[in-house]
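Visitor: Quick note on the working numbering: the sequence shown kicks off at 76 and runs consecutively.
Glycine is no exception: its CB is placed at the ideal position from the N, C-alpha and C atoms.
First the structure, which I've put down as structure tokens, then a few questions once you've had a look.
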Amino acid sequence: MLSIQKGTSIRCVFEDITKCQTAGTKYRGRRQALGETRPVNIPNDSVEAQIVADVLEDGFSLMQATRQVNHHLKETEQPLVSFSSVWHLSKRLKPLVKPIKRLKQGSTDKESAWAQARYNWSIQLIL
76 MLSIQKGTSI
86 RCVFEDITKC
96 QTAGTKYRGR
106 RQALGETRPV
116 NIPNDSVEAQ
126 IVADVLEDGF
136 SLMQATRQVN
146 HHLKETEQPL
156 VSFSSVWHLS
166 KRLKPLVKPI
176 KRLKQGSTDK
186 ESAWAQARYN
196 WSIQLIL
């Protein structure tokens with residue numbers, strides 16, 4: 076029929092157009108789902124949202140939160156969610172972000188405990 080290599084994405088489009096022409100219908104150009112689709116949004120009042128909030132409050136990453144939510148969903152035999160869904164949920168939950176306080180990195184005082192420890196460590200490296 077068409078001399079386009081198998082496996083190319085444009086071949087599917089041309090085949091759909093040809094099928095529509097032979098059937099006498101208008102080609103709509105809708106994307107075909109390649110399999111099971113994942114839920115896009117996680118509701119703010121769901122168990123999954125609470126899991127994400129708890130994991131993020133404990134200081135873990137969004138990737139770890141995604142793993143925890145998907146572990147829960149797998150146990151309850153529900154479709155898994157993507158990292159993007161968890162990221163958007165975390166933004167909707169409006170987390171309180173605490174900035175890291177600036178800490179002193181050293182001292183110019185030669186008699187300070189930090190300066191003496193640094194000096195002794197440098198001597199050990201030289202030996």
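Measure the alpha-carbon distance for residue 194 versus residue 180 and round it to whole angstroms.
Guide: Residue 194 and residue 180: Cα-Cα distance of roughly 15 Å.
Visitor: Return the chain-ordered list of same chain residues with a C-beta closer than 6 Å to the C-beta of residue 102, the five sequence neighbours on each side being excluded.
Guide: If we look at residue 102 and ignore the five residues flanking it on each side, its Cβ neighbours are 92 and 95.
Visitor: Rounding to the nearest angstrom, what Cα-Cα distance links residue 173 and residue 134 in this structure?
Guide: Their Cα atoms are separated by approximately 11 Å.
Visitor: Give the secondary structure of residue 120 by DSSP, where H, G and I count as helix, E and B as strand, and everything else as coil.
Guide: The answer is coil: DSSP assigns residue 120 none of H, G, I, E or B.
Visitor: If we ignore side chains and look at the alpha-carbon of each, how far apart do residue 162 and residue 90 end up?
Guide: When rounded, the distance between both Cα atoms is 37 Å.
Visitor: Would you tell me roughly how many angstroms separate the C-alpha atoms of residue 200 and residue 138, rounded to the nearest one?
Guide: Taking the straight line joining both Cα atoms gives about 39 Å.
Visitor: Taking C-beta to C-beta, are residue 126 and residue 156 nearer than 8 Å?
Guide: Their beta carbons are not under 8 Å apart, which means residue 126 does not touch residue 156 by this criterion.
Visitor: What is the DSSP secondary structure of residue 180, counted as helix, strand or coil?
Guide: The answer is coil: DSSP assigns residue 180 none of H, G, I, E or B.
Visitor: With DSSP run on the structure shown, which of helix, strand or coil describes residue 149?
Guide: The answer is helix: DSSP assigns residue 149 an H, G or I state.
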